[in-house]
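Q: Below is one structure. I have some questions about it.
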Amino acid sequence: MPLLDPGSGALRPKARAGHRPASDRVPDSLAGGTPQPLRGELARLLGEDKVLWKVSDLVRYASDASPYRFVPQVVVQAETVDDVSAVLAYARRNGRHVVFRAAGTSLNGQAQGEDILVDVRRHWSGVEVLSEDGARARIRPGTTVVRANAALAPYGRLIGPDPASAIACTVGGVVANNASGMTAGTTRNSYRTVASLTLVLPSGTVVDTGDPEADAKLAEAEPALCEGLMALKADIESDPELVARIRAKYELKNTNGYRLDAFLDSDSPAGILRGLAVGSEGTLGFISDIVFDTLPLHRRTSTALLFFPSLSAAATAVPRFNDAGAMSVELMDGNTLRASVSVAGVPDDWAELPKETAALLVEFRAPDEAAQDAMETAAAEVMEDLRLVAPVPSVTNALTRDPGTIGFYWKARKAFVSAVGGSRPAGTTLITEDFAVPPSRLAEACEALLELQQRHGFDAAVAGHAAHGNLHFLLAFDASLESDVERYAAFMDEFCALTVERFDGSLKAEHATGRNIAPFLELEWGERATALMWRIKQTVDPEGVLAPRVLLDRDPKAHLRGLKAIPRVEEVADPCIECGFCEPACPSGDLTTTPRQRIVLRREMMRQAPASPVNESLLESYGYDAVDTCAGDSTCALACPVGIDTGAMMKDFRQQRHSPREERNAARAARHFGKVERSARLALSAAGRIRRKMLPRHGDRLLQSLTGAARKAVRPDLVPEWLPQLPGPAAKRLPATDRAGAAAVYYPACVNRIFGEPEGYDGPSLPQSMVIVSARAGRPVWIPDDVVGTCCATIWHSKGYEDGNTLMANRIVEAAWRWTDGGELPLVVDASSCTLGLGEEVVPYLTPANRKLHERLRVVDSVVWAAEELLPHLTVERRSGSAVLHPTCSQQHLGDTGQLRAVAEACAEEVVVPVDARCCGFAGDRGMLHKELTASATEREAAEVLSREFDAHLSANRMCEVGMDHATNGRGYRSVLLELERATRPA
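Here our numbering is used: the first residue of the sequence shown is 340, the next is one more, and so on.
The following block contains the structure:
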């Protein structure tokens, strides 16, 4: 054990008074993880690295965005179709069951299983555009919708489905659930826009429905299947009344049960399978890739957020906007609007909106300005006749073309589930229901739904795709209380009867059947059609291997089984509804855990008795899997609709693990940081001499050996590892500058005072470049004489050293106040993480007096300074042919990524931001403490960068540049300001 190993005791949750183990806790029998022989057999079949077996693995995969929780026996990370086929063959031989899971954003438990769970996200991402105009694309199932559309955007195309969870949900899940979203309706959804797909059947047979020989191959491999499908087709077509009923059901949005119209829309087994696979929820096979017919991306957008005195008044206006050509008409009730104030950018006065208020978000999209003008005219005519209200000052009730305003409207709308769910009472489970009625009866359905919710004691929250008669609503109740579960059950019985018998509606419009509507399938479809669906399952999956009880279930109370209790955890994480929106942004998601999983694991600890075997196993893993490998970049908070900052929670845990001696040493380092700074430069110099003396390769090997030994002896989370891409030291002295006439105070961050430029770079340093280019633009900067030994405090903040953080935070604010003459001059900072640290993160640690000083400071990132203050006064003399950008996570927090691109575009003819760019995970020195974090976080971005040559590799933070150098084998990432100096240097 390392000398300073902190152990797991500090991470043990503190049980509240009266705490009792929960009835749905993971049993002690799973404390050792996946039982034998299952674990060993799968490891031998697939390889150890593809089998996740620890109890912490099982727990983190047991929860998704739904109200259900089922603990798998094992998790398999399949990499290939052969892996999937092997797992299915194993399951058939051993009488086991398999469920596929990608993003885990499904709302009805479709991604949960009680036996073998197969993760098909990690290794299943990618987009291949199949035509020059982008009209057709092959997309792998683990690709998020946002990622797919980003790849199609250069062609002016996108895929049809656009669910609100597009940032996180994957294309495979979208197709498997026939999820649609704001604009897809019944004409742009997966069923209508998937040209073909490849399906791995339960038997292991692989069917590419786009293959011209697909039917011949299928007939040879699966004659009984083909015969069964054609027999089903004949039975359906022989019943004209049933045919008419099927056609009528799909005039509305409907994802309840199997797509029976697949038998009417195709004449061949392969074509029928294509249709059946859409919306089959993983019960008929694994969709290993999908070919979409893409749609035009009409970039000219006009949007209005219109407020009405009541929900029924808003619903009544929907048909008029449909007739005017609106692409989408979204409905939000008063509870939804008020809850949205938790979303960044939403006006505070929305909290004061009357409860009865409702709003429509109406959007028009056009291919050109003439069409946009015509649509706006039509919209204005409709709006003139409406009785709109403006209950609070921020309401405008006006059409806008402004992208920022439109983005804010959609952010508020898409946060429906998470924002409303995040404001639910602590400890309650959230259920999201989704149904459709004829659009002409939307107002009537809203009134009936509100009455039903109120009668059963549920606080109403309604939103939906009003243009298509599709409503969503939320129910919060305590799943640990039998009385609350009974109340939910009574509501569901009445709600399903209301939807079917009064409105002839769809019980699931776009979220797919799932566990909570499976018992009501026959209520909607009737005995004859439901029996056909059971026959489909028997025909395609005769041994019942795939996803039992997910879509078909004869138990009338199946929707009450496995409901997820939500124990209270740390206050910052308690609002989490486990939606998973945070996961694509997380740099550690493919290595250890995601923010959602970190919270899920804490909740399981709270379900357990404090010293249970399961809790001990969870704590043993949590230190590395959750705390150590968290980059602490807090991009999870940006992605989370209610701003949950799991990174901050992990920093708190780091602080709790520190011994008093560690805290004292950290504070001592802050107090004498000038010496630390000089020592770091000396260490880099010594390392450089070793590398030169022994040749770089041998020198790197020695340095890695030395630091590796120290890490083992002391603690890996305290001692950095030598990386070959670490640059040499920065110059001892900063450039000489003059206070007189300075337009700003320039603060060279400590990382830029310690680390020099990348190997092979020949030009002025970053501090020199900043001084030169500012003077060149007529906006000279001044570097104070006493910056050495100061820091923005991010070093201590990121590691959870509270005393050192507090000391340095106050010291730097006092110094900045003095340097800037009490805030008269802006303080320009040349590392984005330090700008964020100085501008925002120091505030909670300041004394009351220093908080007042801080309020007067103007902290400006150097990239913003360059874009807004320098570029207008500079002449570009030369441009690189191409540049690739790595936007930093700090710039995302600051909202500065646009300025980074603007500076880069001034310096290069072509500027590329990789589609898969995200936080590099280097996080100051975390990439040296856990280099595997950066390797995992940058894997896809680096692959994109290495796929071609670029003339310049640019970013805005020295340690991120080092991290990207490490990821790309030394491509030479450097500050965009160095490139700006070169581009504007006089000829």
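Here a beta-carbon is modelled for each residue, glycine too, at the ideal position from N, C-alpha and C.
Since the model is a prediction, treat every value here as computed from it, not as a measurement.
Determine, using beta-carbon pairs with one atom in the segment 506-525 and one in the segment 795-811, whether at least three such pairs fall under 8 Å.
A: Contact holds: three or more Cβ-Cβ distances are below 8 Å.
Q: Report yes or no: do three or more beta-carbon pairs, one from the segment 1209-1227 and one from the segment 1243-1262, lie closer than 8 Å?
A: Yes, the segment 1209-1227 is in contact with the segment 1243-1262.
Q: Can you say whether L1316 is buried or exposed, counting buried as having 16 or more other CB atoms within 10 angstroms of its CB?
A: Per the 10 Å Cβ criterion, buried.
Q: Are there 16 or more other CB atoms within 10 angstroms of the CB of S1314, so buried, or fewer, so exposed?
A: By the 10 Å Cβ count, S1314 comes out buried.
Q: Quick one: which unbroken beta strand (DSSP E) runs of 3-plus residues sit fully inside the segment 786-870? Chain order, please.
A: Here the runs fully enclosed are 801-804, 809-816.
Q: What residue ranges within the segment 675-734 form continuous beta strand (DSSP E) runs of no fewer than 3 residues, ordered along the chain?
A: Correct list: 697-705.
Q: Run through the segment 515-552 for me and flag every whole beta strand (DSSP E) of 3 or more residues, listed as ranges in chain order.
A: Counting whole runs of 3 or more residues, the segment 515-552 contains the beta strand (DSSP E) stretches 533-539, 545-547.
Q: With contact counted as at least three CB pairs below 8 Å, one residue from each stretch, are the segment 1076-1090 and the segment 1157-1175 in contact?
A: As far as the Cβ criterion goes, the segment 1076-1090 touches the segment 1157-1175, which means the pair count is three or higher.
Q: Grouping DSSP H, G and I as helix and E and B as strand, with all else coil, what is W1121?
A: W1121 falls in the strand class under three-state DSSP.
Q: Select from S445, V1127, L1057 the residue whose C-alpha is nearest the C-alpha of R1072.
A: Comparing Cα-Cα distances from R1072 to each of S445, V1127, L1057, the minimum goes to V1127.
Q: What residue does the beta strand (DSSP E) around H1292 start on, and which one ends it?
A: Taken as a continuous stretch (DSSP letters only), the beta strand (DSSP E) holding H1292 covers 1291-1294.
Q: Alpha carbons only, please: which of R1265, L381, R435, Q792 is nearest the one belonging to P1055?
A: When only C-alpha atoms are compared, the closest one is R1265.
Q: Quick one: using the 10 Å Cβ neighbour count with 16 as the cut-off for buried, is G684 buried or exposed?
A: G684 should be labelled exposed.
Q: What are the boundary residues of the beta strand (DSSP E) that includes A476?
A: A476 -> beta strand (DSSP E) spans 475-478.
Q: Measure the CB-CB distance between A815 and D798 and report whether it falls below 9 Å.
A: Against a cut-off of 9 Å, the Cβ pair of D798 and A815 comes out as a contact.
Q: Under a three-way DSSP split, which group does P980 fall into?
A: Coil at P980, not helix or strand.
Q: Under the assumption that F631 contacts A534 (Cβ atoms under 8 Å), give the Cβ distance between them as a whole number of angstroms.
A: The Cβ separation is near 7 Å, so the contact holds.
Q: Between A643 and D672, which are expected to be in contact by the criterion C-beta below 8 Å, what is the C-beta distance as a whole number of angstroms?
A: At roughly 18 Å, the Cβ-Cβ gap does not stay under 8 Å, so A643 and D672 are not in contact.
Q: Can you have a look at P608 and say buried or exposed, based on whether 16 or more other CB atoms are within 10 angstroms of its CB?
A: By the neighbour-count rule (16 or more Cβ atoms within 10 Å), P608 is buried.
Q: Just to confirm my understanding: we take V545, look at its own chain, exclude 5 residues before and 5 after, and list those with CB closer than 8 Å. What are they?
A: Around V545: V420, S424, T537, L538, V539, S627.
Q: Measuring alpha carbon to alpha carbon, tell me which of G511, K572, A870 ends up nearest F602.
A: It is K572 whose Cα lies nearest to the Cα of F602.
Q: Nearest to T1186 by alpha carbon, out of E580, V1152, C1173, D454?
A: For T1186, the nearest C-alpha among the options comes from V1152.
Q: Contact check, G982 vs S681 under 8 Å by CB: the rounded distance?
A: That pair is a contact at about 7 Å.
Q: Can you tell me where the beta strand (DSSP E) with C467 in it begins and where it stops?
A: With the sequence shown as reference, residue 467 is identified as Glu, and Cys is not the correct amino acid for it. Run containing E467: 466-468, per the beta strand (DSSP E) assignment.
Q: Compare the C-alpha of A1025 against each of L1065, E825, A1052, A737 and name the closest.
A: When only C-alpha atoms are compared, the closest one is L1065.
Q: Return the CA-CA distance between M340 and I938, expressed in angstroms with no decimal places.
A: Its pLDDT being 48, under 50, M340 is placed unreliably in this model, and the value from its coordinates should be taken loosely. Using only the alpha carbons, I get a separation of about 27 Å.
Q: The beta strand (DSSP E) that contains T642, what's its start and end?
A: Here the beta strand (DSSP E) through T642 covers 639-647.
Q: I'd like to know whether the C-beta atoms of G1328 and S405 end up nearer to each other than 9 Å.
A: It is not possible to answer for residue 1328, since the shown part of the chain is limited to 340 through 1326.
Q: Using a 10 Å radius around the Cβ and a threshold of 16 neighbouring Cβ atoms, would you call Q416 buried or exposed?
A: Answer is buried; the Cβ neighbour count reaches 16.
Q: Is the CB-CB distance between V617 and N517 below 9 Å?
A: Going by C-beta atoms, V617 is nearer than 9 Å to N517.
Q: Quick check: the Cα distance between T1076 and R1092, rounded to an integer number of angstroms?
A: Near 16 Å, if we compare the C-alpha coordinates of R1092 and T1076.
Q: Which of the three DSSP states is assigned to P1106 in this structure?
A: Residue state, collapsed to three classes: helix.
Q: Can you confirm whether the segment 957-970 touches the segment 896-907 when touching is taken to mean that 3 or more C-beta pairs between the two stretches lie within less than 8 Å?
A: With a cut-off of 8 Å, the segment 957-970 and the segment 896-907 do not count as touching, because too few Cβ pairs lie within range.
Q: Starting from the C-beta of E576, find all residues in its chain whose C-beta is less than 8 Å away, skip the five residues before and the five after it, and write them out in chain order.
A: If we look at E576 and ignore the five residues flanking it on each side, its Cβ neighbours are V582, F602, L603.
Q: Buried or exposed, going by whether 16 or more other CB atoms sit within 10 Å of the CB of N954?
A: Buried, since its Cβ has 16 or more Cβ neighbours within 10 Å.
Q: Using alpha carbons as the reference points, say which of E866, E1280, D741, D773 lies closest to F755.
A: The shortest C-alpha separation from F755 is found at D773.
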